[in-house]
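Residue numbers (the working numbering): 1360 to 2029.
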């Protein structure tokens, strides 16, 4: 029953998406107002079918219906319930099924939000989104069908990858990435519709920006949670390895961030139209490329790609989307000619343009390092790898330049700044940056690039806080409002501006955390017997003993550790090794003592129950926690910026309050 029902729902979703795509595109081209009602019905049917198919698969997983192909691949009676549900996105077929459900939710959300717009506006956008839905429904119904029947029915399955059932973050991290990936289909549909209609004025930019900001937020959360998961689970002490899966999520984030900034220039200066539209299209293309890279088997080997059922199909779809995008831009080229001009060198729009060029360079750098090994193997048969040294060598200077522009852009006005304005705006922030470097040197910290990062972080943070608080100071002075009231009202009057600056503060935290955690690491290894100890920095680490445990899906051995810091405070830690029945290699679980400015990170390398003894890797990572602690700033700032502005009623002095030039949209720099 499960398999036929799931298959029927997928086929129903495919038919609904195909029907809606044809009616939407045809109705939009021929301006058929009545077509919108039909397309809205098709969107609802697509949603019900795709969400229903996912619920059927979850039911099959939870009830251990091993007659279903996907359940026989990832299910297990020993897997805890929460990780059984997580198995939905743990392998290829289930992840594509999940992709389809999220796509349907986004398309439905867009259709509801814009159902009262002039009909021709949403028709083409919905038709484009449903066309993407046709492709993914076809994959689910055909080469990536999770509902195939298995005969004979196995009594049990292997369960999901042990790494995917070793930390609760796997419940949240992949869905956040999918919400970011899939959500890029909405701005893609909006951009395609605008290009087809030839209506490329500034009016469509607000809608495009808001629908980009939503998946950008999810993608940001997913990337940070992924780094946190790697740090908390993999046991090597790092959080970013520049592997293809990480890069696949980072690439569309870079182009979407660049779009959020370049869109401001289009709105304010009526220029960079071609560039802005291209960034919007590129963000979706890179999500498709990323999904292809991580789900086609191409990174196991280009030869396994040629044997993959989904790989060639995905590549054809990627090529089709690329060709359509290029053709639309070529046809509408005359409408993308700038109507305005950039200001002087010392202007906000010039700094945003430089910011975009840096993001483009970083995108190309990451894309080249990710794809080049595949191209080389395809043509020469020789497999090479491009590791972290290449990415770090190329990305670090670009990142530092972006951090610098985060402080420069908001300080400059639109148009042109006089030398006196430049001097006045940069004097205090530059002094703060120099002071930060001086304090670091006095504290004994060394490393040119690291100190430069700290100084630029102080510079950018000072500018950001000044621009955030300037309207607050004006309200407090002219309206005699207390600080909390002035802060709330000034933020409410400029949500996009205030939210963007909050995100910038989160980005500054990430820069500082990366620089400190990579430059000032302390590391040692040790083998201890119960009662023995070793010293690492201010921490005394003592082994109390070994402890064994059994859970339904694994058994484990933990080292009971007593940690004493420099102030005599004690904390118990228990790094351990987990052993899964269907996995030949143990999976470690690090133990982490987190503090405001550093983490003590312990992993169990080996143990001997007979002796007994245990060997450890131990690190001190300064400020690494600031990466995950920046997450609330990203989420709050982005959601605050995306929230619609309240209608303003002119009321004398309140409306005459000066508000500084609009801040960059949430992203990495401006």
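Every residue, glycine too, gets a C-beta built ideally from N, C-alpha and C.
Check	Outcome
Beta-carbon proximity list for residue 1885, same chain, < 8 Å, skipping 5 on both sides	1893, 1900, 1974, 1975, 1977
Sub-8 Å separation of residue 1862 and residue 1997 beta-carbons	yes
Straight-line gap, residue 1570 to residue 1711 (C-alpha atoms, nearest Å)	21 Å
Distance, residue 1699 Cα to residue 1626 Cα	10 Å
Counterpart residues of residue 1978 in DSSP-defined beta bridges	1882, 1960
C-alpha distance - residue 1598 paired with residue 1522, whole-angstrom precision	15 Å
Whole-Å CB distance - residue 1487 paired with residue 1434, under 8 Å assumed	Going by Cβ atoms, the distance from residue 1487 to residue 1434 rounds to 36 Å, so no, they are not a contact pair.
Where residue 1563 sits in the DSSP three-state scheme	helix
Distance CB(residue 1578)-CB(residue 1608) smaller than 8 Å	yes
Counterpart residues of residue 1938 in DSSP-defined beta bridges	1914
Contiguous alpha helix (DSSP H) assignments of at least 4 residues, all confined to the segment 1745-1798	1747-1767
C-alpha gap between residue 1721 and residue 1649, whole angstroms	16 Å
Contact under 8 Å by Cβ, residue 1405 with residue 1367	no
Within the segment 1500-1578, ranges of the alpha helix (DSSP H) (whole runs, at least 4 residues)	1532-1542, 1544-1556
DSSP three-state assignment for residue 2008, whether helix, strand or coil	Note that residue 2008 scores a pLDDT of 44, beneath 50, so its modelled location is shaky; the value from the coordinates is reported in the next line. In the structure shown, residue 2008 sits in coil (DSSP, three-state: anything other than H, G, I, E or B).
Same chain only: Cβ atoms within 6 Å of residue 1378, ignoring 5 sequence neighbours per side	1401
Residue 1969 to residue 1524 span [Cα, whole Å]	29 Å
Nearest candidate by alpha-carbon position, reference residue 1500, set 1474, 1470, 1838, 1409	1409
Spatially closest choice to residue 1605 from 1533, 1421, 1834, by CA coordinates	1533
Residue 1512 versus 1779, 1446, 1940, 1432, residue with shortest Cα-Cα distance	1432
Cross-strand partners of residue 1894 (DSSP beta bridge)	1899
Which of helix, strand or coil DSSP assigns to residue 1610	helix
DSSP state of residue 1631 mapped onto helix, strand, coil	coil
Reduced DSSP category for residue 1946 - H, G, I as helix; E, B as strand; rest coil	strand
Coarse secondary structure for residue 1923, derived from DSSP in three states	strand
Host alpha helix (DSSP H) of residue 1414 (start-end)	1394-1421
Own chain residues within Cβ distance below 8 Å of residue 1868, not counting five before or after	1985, 1986, 1988, 1989, 1992
Buried versus exposed, by CB contacts within 10 Å (16 or more), residue 1907	exposed
Paired residues, beta bridge with residue 1931 - DSSP	1921
Range of the contiguous alpha helix (DSSP H) that encloses residue 1467	1451-1472
Same chain, Cβ closer than 8 Å to residue 1643, five either side skipped, listed in chain order	1543, 1544, 1546, 1547, 1611, 1680
Range of the contiguous alpha helix (DSSP H) that encloses residue 1362	1361-1388
Whether residue 1417 touches residue 1444 by CB criterion (8 Å)	yes
Length of the line joining the Cα atoms of residue 2029 and residue 1385	Any reading at residue 2029 needs caution, since the residue's pLDDT is 39, under 50, leaving its predicted position unreliable; the model's value is listed next. Going by the C-alpha atoms only, they are around 40 Å apart.
Per-residue DSSP class, three states only, for residue 1811	helix
Buried/exposed call for residue 1360, threshold 16 Cβ in 10 Å	exposed
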